[in-house]
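Residue numbers (our numbering): 466 to 833. Each residue gets a CB set at the ideal place from its N, CA and C atoms; glycine is no exception. Just below is one structure, and these are the notes that go with it.
Here it is as structure tokens:
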């Protein structure tokens with residue numbers, strides 16, 4: 466970079482890593498703590514907006530409180546030479562969008578493993594009361610060993626304070642990935658993040674997002690009004706369970722989707738477990754990423770669904786996957802039968818024992 470720039474009298478900017486309509490990202494070095502960091506410097510028009518600065522401060526503090534293996538840690542934020550910046554942990558590798566551009570599409574099991582990790586991080590934020598609002602593959606960093614971390618919590622929420630004409634198309638700008646309710650200008654919810662996660666998974670599996678158009682306005686209309694094409698149109702051998710899940714999370718109504726990223730991740734974990742037992746993904750082998758359910762609890766193997774259960778007609782495959790994470794009934798029908806007979810037996814003994822007593826009372830009163 467020529468002469469190194471020292472930001473905030475502490476962070477030495479070393480290499481420009483990327484840029485967009487919202488910010489420029491640098492690899493930098495924290496001279497105080499002797500560690501590499503990533504710094505995102507926001508555009509000057511954002512930095513000059515007093516309302517945005519206040520909201521950015523609030524959202525950055527909330528994001529800094531998030532501590533999770535699948536969330537990029539926020540270390541610091543500030544203002545230098547009239548430019549807002551946010552300091553984050555440095556993650557080696559590339560974002561998921563770059564990976565998709567390089568490969569076109571990625572193997573099914575790897576795609577599911579990555580989105581399960583994204584669900585774990587975003588689900589953690591949902592439990593903390595935060596909605597990401599801008600879930601897209603550009604905001605998912607993937608390391609060389611396929612560990613995924615979600616970035617940019619809080620920034621998209623801060624941008625909602627900007628007047629509509631002043632926000633760039635990168636914000637709600639990710640028209641390829643935002644939910645129908647966001648497209649309609651409504652407040653996002655955890656279910657909105659779930660929709661966006663579904664779009665990312667759809668793209669990772671098929672090699673293309675469910676909706677494409679020449680203009681953002683047309684994309685808005687498609688998200689609001691059109692049904693997504695079946696992913697089997699592009700991947701004919703896609704397991705039915707995965708298709709069901711994708712079409713569910715891409716429902717227009719938030720109430721028809723999984724309500725949180727945790728719930729979505731649990732269902733994906735179950736279906737991935739079934740697929741892994743029966744399906745080999747091509748000849749190219751990838752290291753198996755250790756993934757946990759979004760609640761960080763391991764799910765016992767003995768609760769896996771059998772092929773017979775998968776063919777049960779009363780529920781869809783994805784609904785059965787969700788059903789398997791719910792508590793099981795405490796009593797079987799056999800246990801209830803024994804309990805019923807025992808109660809009936811004791812009731813009979815009790816009532817039968819009272820008959821002689823009441824006969825004695827009757828005769829004692831009638832014939833004193």
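- If you check the CB distance, residue 663 and residue 607 do not come in under 8 Å.
- Distance check between residue 659 and each of 696, 691, 599, 700 places 599 closest, using alpha-carbon atoms only.
- Sequence-distant Cβ neighbours of residue 576 in its own chain, meaning closer than 6 Å and more than five residues away, are 669, 670.
- Counting only unbroken stretches of 3 or more residues, the beta strand (DSSP E) elements lying wholly within the stretch 539-619 are 539-545, 548-554, 605-607, 613-615, in sequence order.
- The residues 695, 696, 697, in chain order, have a CB closer than 7 Å to that of residue 708 in the same chain once the five nearest residues on each side in sequence are set aside.
- It is roughly 7 Å from the alpha-carbon of residue 597 to the alpha-carbon of residue 587.
- In this structure residue 589 is not in contact with residue 523, their Cβ atoms being roughly 19 Å apart against a cut-off of 8 Å.
- Proximity of the stretch 501-521 to the stretch 544-560 meets the contact definition, three or more beta-carbon pairs being nearer than 8 Å.
- Within the same chain, Cβ atoms closer than 7 Å to the Cβ of residue 724 are found at 655, 656, the five residues on either side in sequence being excluded.
- Per DSSP, the unbroken beta strand (DSSP E) holding residue 500 starts and ends at 500-507.
- The beta-bridge partner set that DSSP reports for residue 483 consists of 490.
- Residue 528 is not a Cβ neighbour of residue 676, given a cutoff of 8 Å.
- In the DSSP assignment, the residues bridged to residue 472 are 476.
- Beta bridge pairing from DSSP links residue 820 with no other residue.
- For residue 673, no alpha helix (DSSP H) segment is defined, and its DSSP state is neither H nor E.
- Your pair residue 477 and residue 494 checks out as a contact, with CB atoms roughly 5 Å apart and the cut at 8 Å.
- Between residue 722 and the set 584, 545, 710, the nearest pair of CA atoms involves 710.
- Distance between residue 538 and residue 610, taken at the CA atoms: about 19 Å.
- Within a 10 Å sphere around the beta-carbon of residue 474 sit fewer than 16 other beta-carbons, which makes this residue exposed.
- Within its own chain, the residues whose Cβ lies closer than 7 Å to the Cβ of residue 509, once the five positions on either side in sequence are excluded, are 547, 548, listed in chain order.
- In chain order, 471, 475, 476, 477 place their CB closer than 8 Å to the CB of residue 496, counting only its own chain and leaving out the 5 sequence neighbours on each side.
- The criterion of a C-beta distance shorter than 8 Å is satisfied by residue 639 and residue 601.
- Relative to the Cα of residue 489, the nearest Cα in the group 828, 667, 511 belongs to 511.
- Across the structure, residue 504 and residue 705 are spaced so that their CA atoms are roughly 42 Å apart.
- In the DSSP annotation of this structure, residue 536 is not part of any alpha helix (DSSP H), being labelled neither H nor E.
- When DSSP states are grouped into helix, strand and coil, residue 739 belongs to the helix group.
- By the criterion of a C-beta distance shorter than 8 Å, residue 591 is surrounded in its chain by 655, 658, 725, 726, 727, once the five residues flanking it on both sides are discounted.
- DSSP, read as helix, strand or coil, puts residue 510 in helix.
- Counting along the chain, residue 689 sits inside the alpha helix (DSSP H) bounded by residues 681-690.
- Inter-residue distance for residue 719 and residue 690 is about 14 Å (C-alpha atoms, whole angstroms).
- Residues 602, 605, 607 of the same chain have their beta carbon placed closer than 6 Å to that of residue 561, with the five preceding and five following residues left out of the count.
- A distance below 7 Å between beta-carbons, with the five flanking residues on each side excluded, links residue 483 to the following residues of its chain, in chain order: 490.
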